[in-house]
Amino acid sequence: MPTLLLVRPTQRQAADITLCQHAGWQAVPFAPIELCPNQAACTALPQQITQAQAMFWVSPSAVEIAQHFLQGDLIWRKQTHIAVGQATAHALQSAGCLHVHASHNGNDSEAALQLPIWQTLPPRATILIVRGQNGREHLAEQLRLRDFVVQYAPIYQRIVQTLDWTLLDTQKVQAAWVTSSQMAQPLFSQAPPSYTQMLQSLLYFTHHTRIADTLAQNGATQIRVCSHLSQALQQAAYILAKTESNL
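Adding 15 to a residue's 1-based position in the sequence shown gives its number in my numbering.
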């Protein structure tokens with residue numbers, strides 16, 4: 016059974032592990048960053064929601080972390096929600112949110128900025144961006160240029176985790192699925208020198224060119240961009256089968 020490194024937040028690993036199993040792959044969780052709730056920001060979130068005309072969500076993990084602090088709060092489900100991509104939109108809908116907007120043509124803030132919903136919001140509307148501590152400023156900058164008021168809800172922080180590199184001695188890893196640049200960078204910076212060459216030689220899959228660029232900057236040479244994990248697994252199986260047939 017081929018093996019895939021799952022380089023993504025713990026909150027999102029379970030569904031991916033199941034998907035890998037159904038596709039005939041063994042998934043090895045290998046996240047160098049843990050997303051931990053920022054208690055103060057999470058506690059303040061319900062009040063911030065009441066003051067906003069719309070909310071922007073940066074990831075499914077942000078939705079799942081916030082949901083734990085919004086149990087029984089009906090106001091947020093009726094709020095206008097704008098998702099960075101379809102996976103985040105699905106997380107919002109699964110949480111019971113009624114008014115969810117997301118691009119079908121991309122999964123970043125650039126694609127989200129093209130959505131018609133922005134044209135329907137009132138002038139000087141407050142947009143609450145739900146994210147981790149720190150992050151890209153592109154969306155906020157563009158929204159301010161459109162005369163929106165931007166507020167942040169930094170509901171989680173990224174905590175560096177020490178990886179168990181001996182797992183790679185016992186698992187014959189062929190590929191990796193990486194879901195953010197924040198995950199990609201420490202994956203390589205943490206690697207002991209004896210593992211660097213192996214890490215750079217893996218077949219990498221990710222859903223965004225920005226993450227692919229980060230992987231390439233760290234020495235990865237085999238990188239494919241796929242819209243979702245199931246597509247990545249299909250491509251990986253094809254590439255591995257083709258490689259074996261050429262041996």
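Where is the CB? At the ideal position from N, CA and C, for every residue including glycine.
Quick check on residue i: buried or exposed, where buried means 16 or more other Cβ atoms within 10 Å of its Cβ?
i: tyrosine 253; result: exposed
i: alanine 269; result: What the structure shows of the chain is the stretch from 16 to 262, and residue 269 is not part of that stretch, so it cannot be assessed.
i: arginine 161; result: exposed
i: histidine 223; result: buried
i: glycine 87; result: exposed
i: threonine 185; result: exposed
i: alanine 235; result: buried
Out of the options, state which residue places its alpha-carbon closest to the alpha-carbon of residue i.
i: leucine 183; options: Ser195, Ser196, Leu202 and Tyr167; result: Leu202
i: arginine 151; options: Val240, Pro169 and Ser109; result: Pro169
i: threonine 18; options: Arg27, Ala46, Val73 and Val188; result: Val188
i: glutamine 197; options: Ser216, Gly147, Gln212 and His243; result: Gly147
i: serine 124; options: Gln94, Ala155 and Ile142; result: Ala155
i: leucine 21; options: Ser109, Ala256, Leu248 and Leu85; result: Leu248
i: glutamine 36; options: Lys257, Ala256, Leu255 and Ser245; result: Ser245
i: glutamine 176; options: Leu34, Phe45 and Trp192; result: Phe45
i: alanine 98; options: Gln66, Pro131, Leu85 and Ile90; result: Pro131
i: arginine 92; options: Arg239, Val43, Gly111 and Gly234; result: Gly111
i: isoleucine 90; options: Ala106, His114, Gln186 and Val73; result: His114
i: leucine 136; options: Gln94, Ala251 and Thr236; result: Gln94
Quick one: grab the DSSP three-state call for residue i.
i: arginine 151; result: coil
i: glutamine 189; result: strand
i: cysteine 40; result: At residue 40 the sequence reads tryptophan, which differs from the cysteine that was named. The answer is coil: DSSP assigns tryptophan 40 none of H, G, I, E or B.
i: histidine 105; result: helix
i: alanine 168; result: strand
i: glutamine 237; result: strand
i: proline 17; result: coil
i: alanine 126; result: helix
i: proline 137; result: coil
i: alanine 67; result: coil
i: valine 175; result: strand
i: proline 75; result: helix
i: arginine 161; result: coil
i: cysteine 51; result: strand
i: alanine 117; result: coil
i: threonine 221; result: strand
i: leucine 85; result: coil
i: threonine 58; result: helix
Would residue i and residue j qualify as a contact pair, given that the criterion is a beta-carbon distance under 8 Å?
i: tyrosine 210; j: tryptophan 180; result: yes
i: glutamine 26; j: isoleucine 80; result: yes
i: histidine 83; j: histidine 96; result: no
i: valine 165; j: alanine 77; result: no
i: histidine 119; j: glutamine 134; result: no
i: leucine 302; j: tyrosine 171; result: No answer is possible for residue 302: it lies beyond the span of the chain, which begins at 16 and ends at 262.
i: alanine 140; j: phenylalanine 163; result: yes
i: glutamine 149; j: alanine 199; result: Just to set this straight, residue 149 is asparagine in the shown sequence, not glutamine. Contact: no.
i: leucine 214; j: proline 47; result: no
i: leucine 85; j: proline 61; result: yes
i: threonine 194; j: threonine 229; result: no
Cβ of residue i within 7 Å of any heavy atom in the ligand NAD?
i: valine 22; result: Absence of the ligand NAD from the depicted structure is noted, as is the absence of any ligand whatsoever, leaving it without description.
For my contact list, residue i and residue j are in at a C-beta cut-off of 8 Å; report their separation, rounded to the angstrom.
i: isoleucine 142; j: alanine 69; result: 5 Å
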